[in-house]
Amino acid sequence: MTQKGDELRFNENIFIVSKTDLKGRITYANDLFIEISGFKEHELLGAPHNILRHPDMPKAIFKLLWERVQAGNEIFAYVKNRTKNNCYYWVHAYITPIIDTKTNQLIGYHSVRRSPSTKGIEVIEPLYQKMLNAEKQGGISASNAILKNTLSQLKVSYDAFILSYE
Numbered sequence: 156m157t158q159k160g161d162e163l164r165f166n167e168n169i170f171i172v173s174k175t176d177l178k179g180r181i182t183y184a185n186d187l188f189i190e191i192s193g194f195k196e197h198e199l200l201g202a203p204h205n206i207l208r209h210p211d212m213p214k215a216i217f218k219l220l221w222e223r224v225q226a227g228n229e230i231f232a233y234v235k236n237r238t239k240n241n242c243y244y245w246v247h248a249y250i251t252p253i254i255d256t257k258t259n260q261l262i263g264y265h266s267v268r269r270s271p272s273t274k275g276i277e278v279i280e281p282l283y284q285k286m287l288n289a290e291k292q293g294g295i296s297a298s299n300a301i302l303k304n305t306l307s308q309l310k311v312s313y314d315a316f317i318l319s320y321e
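Residue 204 in this note's numbering sits at position 49 of the sequence shown, with consecutive numbering throughout.
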């Protein structure tokens, strides 16, 4: 792991892994997650995953994320997280529902996060800032409209957009 100013970066060949229950409370955190977040394992386990939410993240992204995984679908997303000591790190997250194979019921969520590409951050960060500004004026729906308009102009789906920078 390296640090430049307030930004932490981690090797692209290693992964941050966590699991949560249906309410987003952390039930598992791998060693890299514990290390980069700055929290102790006992501080993370049972805590809401949004303990890491950075104020630069538009709520509309989390709304989309939750809608997808609660419906039983996977999602990829760029996420800027905040550490315990107020540094930050970007991740390219892959979040999937955990389905109990015996009951076929949704029982939680699994997230594998890796270091994102520099190009991805260069594209996503200004979009998120634009969304955040819209959110401050008109709420999540205004932020979501910015995202939808961007995707429409590019003629791509959300998934294709996110995956195109990896």
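Ideal placement from N, C-alpha and C gives every residue a C-beta, glycine not left out.
Bear in mind that the values here come from a model prediction, so they are computed numbers and not experimental data.
Distance from I181 to L199 at the Cβ level is roughly 5 Å; contact confirmed, criterion being Cβ atoms closer than 8 Å. Put simply, the stretch 250 to 264 touches the stretch 224 to 233. At least three CB pairs are less than 8 Å apart. In the three-state reduction of the DSSP assignment, S266 falls in the strand class, which pools E and B. In the three-state DSSP reduction, T251 falls in the strand class (E or B).
Bridge partners of Y183 according to DSSP: K174.
For I169, there is no enclosing beta strand (DSSP E), as DSSP marks it with neither H nor E.
Straight across, the Cα-Cα distance linking L177 with T258 is about 15 Å. Taking C-beta separations shorter than 6 Å and ignoring five residues to either side along the sequence, the partners of N185 in its chain run V172, following chain order.
Its chain contains E290, I295, S298 as the residues whose beta carbon lies nearer than 8 Å to that of K214, once the 5 sequence neighbours on both sides are disregarded; these appear in chain order.
Each residue's CA atom was taken as its position, placing I191 and Q158 some 10 Å apart. Under the three-state reduction of DSSP, P281 is assigned to helix. Shown here, Y313 sits in a helix according to DSSP, grouped into three states. Per DSSP, F231 is one residue of the beta strand (DSSP E) stretching across 230 to 237.
Straight across, the Cα-Cα distance linking L220 with I189 is about 22 Å. In summary, A315 is exposed, with fewer than 16 beta-carbon neighbours lying within 10 Å of its beta-carbon over all protein chains present. Inter-residue distance for I169 and W245 is about 14 Å (C-alpha atoms, whole angstroms). Secondary structure at K274: helix, using DSSP grouped into helix, strand and coil.
Contact between H197 and T175 does not hold, since the beta-carbon distance rounds to 16 Å and is not under 8 Å.
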